[in-house]
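Enquirer: Got a structure for you, questions after.
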Amino acid sequence: MSDLGRTPLYDLHVELGAKMVPFAGYEMPVQYKLGVMKEHLHTREKAGLFDVSHMGQVILRHEGGYGPVAQAMEGLVPVSLLPLGEKRQRYGFFTNDEGGILDDLMMTNRGDHMLVVVNAACKEADIAHMKAGLPGVEVAEQRDRALLSLQGPAAEEVLEPVAPGCDIMKFMDTGIFTSDFGELWVSRSGYTGEDGYEISVHATHAEALARQLLAHEAVEPIGLGARDSLRLEGGLCLYGHDIDETTSPVEGNLAWAIQKVRRSGGDRAGGFPGAERILNELDEGTPRLRVGLAPEGRAPMREGVQLFANEEGGEAIGHVTSGAFGPTVGAPVSMGYVPAELSRPGARLFGEVRGKRLPVRVAELPFTPANFKR
Amino acid sequence: MKFTEQHEWLKPEGDEIVVGITEHAANELGDIVFIELPEEGKTVSKDDEIVVIESVKAASDIMAPVDGEITEVNEAIVDEPGKVNEDPMGDGWFFKIKPSDPSQMDDLMDEAAYQQFIS
């Protein structure tokens, strides 16, 4: 694994008994001693600490401040950024000229600049895309910072002593805290469907901060395995699987992230790559949609499973893009694309697993209720 | 007790053999979430894929270790696949098979050879 990158927490992962695997160009912990199932359940019951330092943290600056950065970024994402309040964070995605999704990301108004967090696998391409597409904007990856994610109902009581005042933050609020671990960039967000925080810390303090958080009895280290089942139960997309360059935001059921002002008839309608297709789909609908899928039996339906309208015969009508056993649900859970006319929750379809067509129902997302602090 | 290269253990019990997967295999698979067992009474040939196991990581097959007839399956692990992780060599057994040619057992590894095989 010599070509793979390591995060500032690599030694700690090994010390904690993590099983390390290659992921998006990094050696990352897929699980620790508890194992995927218990790590998942622990996160929903108490709190889990994830190393997400492989993700890209990028600062966007313009001499004119936040406004010109937001204006330029609105040319790359179909999201309203100009009126975003200071210290507020918003979810969005870069689109391509065909209306597909290049990556999904988080964007924060930090007063005089914008902070964005992008997926590890896409970060080089995203940075090049921003450098080319944001004239007059300085694009600076924060390579000297680690990113920790503390997720679960106990997250607030764990982080409060480290970053006093983080308890009053609400979902998608952000703040900069001075701490024993240097300056912490904290957002009340995550990707598990639970309340929690993402904490950006300088690499030199990352391990000490992680140890401090892990010293709390409520906190266990959690690997990528449980991160995947948690986000899947939370109905959240994994880029490159549930959404990609061929899926539009409307097909991906992400239309909620496109504010009215960017849609047809809005003051700042369109003006992003692929706007023609995306605005049309917002008005007219799409032939296919991403939905939740609940297999009726116990067999998980994983990525690639073909979906059929009937138990016998006919062509595949869709496919599964993510699937696993959902430890909190206590049953297998999947997401995938189906024709719009079969996307109603309760619709009964069949997924072909090992040559057998097994019944599966379209399900409401998320599978587990979101536990955000609104 | 005998072992296969597919990480099954075989324990003779009268004229039947109890079959399960080893602790090493259970640890490598991770948490098991789904098991499909063969039907009781089914006649199988050595290397037939007769059991499907899915863990949190992936799906894998278990093959018949010898020729014979499936005499009993452990339904408890279908309802609670986690039993295999908890006690792979005991309560987590998979099925019992009545071998049609017991001498096929002679080709399998003993415990010392299996330990060597996984080390």
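Protein chains in written order, with the numbering used here: chain A, 24 to 397; chain B, 12 to 130.
Every residue gets a Cβ at the ideal spot worked out from N, C-alpha and C, and that includes glycine.
(1) Under 7 Å between beta-carbons, which chain A residues line up against ASP42(B)? List them in chain order, please.
(2) Measure from the C-beta of VAL67(B) to each C-beta in chain A and report whether the shortest distance is under 7 Å.
(3) Would you mind working out which of LEU105(A), PRO296(A), VAL352(A) and LEU237(A) sits nearest SER252(A), comparing C-alpha positions?
(4) Are any of the Cβ atoms in chain B nearer than 7 Å to that of ARG321(A)?
(5) Within 8 Å, do at least three Cβ pairs link the region 150-159 of chain A to the region 319-333 of chain A?
(6) For LEU105(A), which of GLY346(A), GLU319(A), VAL356(A) and ARG285(A) has the nearest alpha-carbon?
(7) Is the region 58-71 of chain B in contact with the region 37-47 of chain B, if contact means three or more CB pairs nearer than 8 Å?
(8) For ILE281(A), does the count of other Cβ atoms within 10 angstroms reach 16, so buried, or fall short, so exposed?
(9) In this structure, how does DSSP classify MET195(A) when only helix, strand and coil are distinguished?
(10) Starting from the C-beta of GLY123(A), find all residues in its chain whose C-beta is less than 8 Å away, skip the five residues before and the five after it, and write them out in chain order.
(11) Under 7 Å, do ARG371(A) and ARG384(A) count as touching if we go by C-beta distance?
(12) When the Cβ atoms of the region 175-191 of chain A are set against those of the region 202-220 of chain A, are three or more pairs found closer than 8 Å?
(13) Check whether chain A comes within 7 Å of PHE45(B), counting only Cβ atoms and requiring the distance to be less than that.
(14) Measuring alpha carbon to alpha carbon, tell me which of LEU247(A), GLU161(A), MET358(A) and PRO323(A) ends up nearest PHE73(A).
(15) Can you tell me where the beta strand (DSSP E) holding ALA317(A) begins and where it ends?
(16) Using a cut-off of 7 Å between C-beta atoms, extract the partners of VAL63(B) located in chain A.
(17) When the cut-off is 7 Å and only beta carbons count, does GLY159(A) lie next to chain B?
(18) Taking the alpha helix (DSSP H) that GLY90(A) belongs to, which residues open and close that run?
(19) Find the residues of chain B that neighbour GLY248(A), judging by a C-beta separation of less than 8 Å, and give them in chain order.
(20) What residues from chain B crowd round ALA347(A), counting only those whose CB sits closer than 9 Å?
(21) Could you say which of PRO113(B), PRO76(B) and ASN96(B) lies nearest to THR15(B) if we only look at CA atoms?
(22) Taking 7 Å as the cut-off, decide whether the C-beta atoms of GLY71(A) and GLN174(A) are in contact.
(23) Could you tell me the boundaries of the beta strand (DSSP E) in which LYS56(A) lies?
(24) I'd like to know if ALA386(A) contacts chain B, where contact means its C-beta is closer than 7 Å to some C-beta of that chain.
Expert: Result, derived from the coordinates:
(1) Counting from 1 along the second sequence, the entry for residue 42(B) is found at position 31. Correct list: GLY58, VAL59 and MET60.
(2) Translated into the one-based positions of the second sequence, residue 67(B) becomes position 56. So yes, VAL67(B) belongs to the interface.
(3) Here residue 252(A) is taken as the residue at index 229 of the first sequence, counted from 1. Minimum Cα distance to SER252(A) is reached at VAL352(A).
(4) Here residue 321(A) refers to the residue found at position 298 of the first sequence. Taking a beta-carbon distance threshold of 7 Å, ARG321(A) counts as an interface residue toward chain B.
(5) In this structure the region 319-333 of chain A does not touch the region 150-159 of chain A; the number of beta carbon pairs closer than 8 Å is below three.
(6) Position 82 of the first sequence holds residue 105(A). Out of GLY346(A), GLU319(A), VAL356(A) and ARG285(A), ARG285(A) has the C-alpha closest to the C-alpha of LEU105(A).
(7) Yes, the region 58-71 of chain B is in contact with the region 37-47 of chain B.
(8) Translated into the one-based positions of the first sequence, residue 281(A) becomes position 258. By the 10 Å Cβ count, ILE281(A) comes out buried.
(9) Numbered from 1 along the first sequence, position 172 holds the residue referred to as residue 195(A). It is coil, neither helix nor strand.
(10) The residue given as residue 123(A) occupies position 100 in the first sequence. The beta carbon of GLY123(A) sits closer than 8 Å to those of ASP267, GLU268, THR269, THR270, SER271 and GLY297, all from its chain and outside the five residues before and after it, given in chain order.
(11) For the purposes of this step, residue 371(A) is identified with residue 348 of the first sequence, where counting begins at 1. For the purposes of this step, residue 384(A) is identified with residue 361 of the first sequence, where counting begins at 1. ARG371(A) is a Cβ neighbour of ARG384(A), given a cutoff of 7 Å.
(12) Short answer: they touch.
(13) Numbered from its first residue, the second sequence carries residue 45(B) at position 34. Output row for PHE45(B): interface = yes.
(14) The residue labelled residue 73(A) in the question sits at position 50 within the first sequence. It is LEU247(A).
(15) Residue numbering aside, residue 317(A) sits at position 294 when the first sequence is read from its first letter. Run containing ALA317(A): 311-318, per the beta strand (DSSP E) assignment.
(16) As a first step, residue 63(B) must be located in the second sequence, where it is residue number 52. Below the 7 Å Cβ cutoff, chain A contributes ARG377 as neighbours of VAL63(B), in chain order.
(17) Here the question's residue 159(A) lines up with position 136 in the first sequence. Chain B, which has no Cβ nearer than 7 Å to the Cβ of GLY159(A), makes this no.
(18) Locating residue 90(A) in the first sequence gives position 67, where the first residue counts as 1. 89-96 is the span of the alpha helix (DSSP H), which, as asked, contains GLY90(A).
(19) Within the first sequence, the letter at position 225 stands for residue 248(A). Residues of chain B passing the Cβ test: GLY41, VAL67 and LYS68.
(20) Residue 347(A) sits at position 324 when you count from the first residue of the first sequence. Those are VAL44 and VAL67, listed as they occur along chain B.
(21) Mapped onto the second sequence, residue 15(B) falls at position 4. Checking every option, the nearest Cα to that of THR15(B) belongs to PRO76(B).
(22) Locating residue 71(A) in the first sequence gives position 48, counting from the first residue. Locating residue 174(A) in the first sequence gives position 151, counting from the first residue. Result yes, Cβ atoms of GLY71(A) and GLN174(A) sit closer than 7 Å.
(23) Position 33 of the first sequence, counted from the first residue, corresponds to residue 56(A). For LYS56(A), there is no enclosing beta strand (DSSP E), as DSSP gives it neither H nor E.
(24) Here the question's residue 386(A) lines up with position 363 in the first sequence. Not closer than 7 Å to any Cβ of chain B, the Cβ of ALA386(A) fails to qualify, so no.
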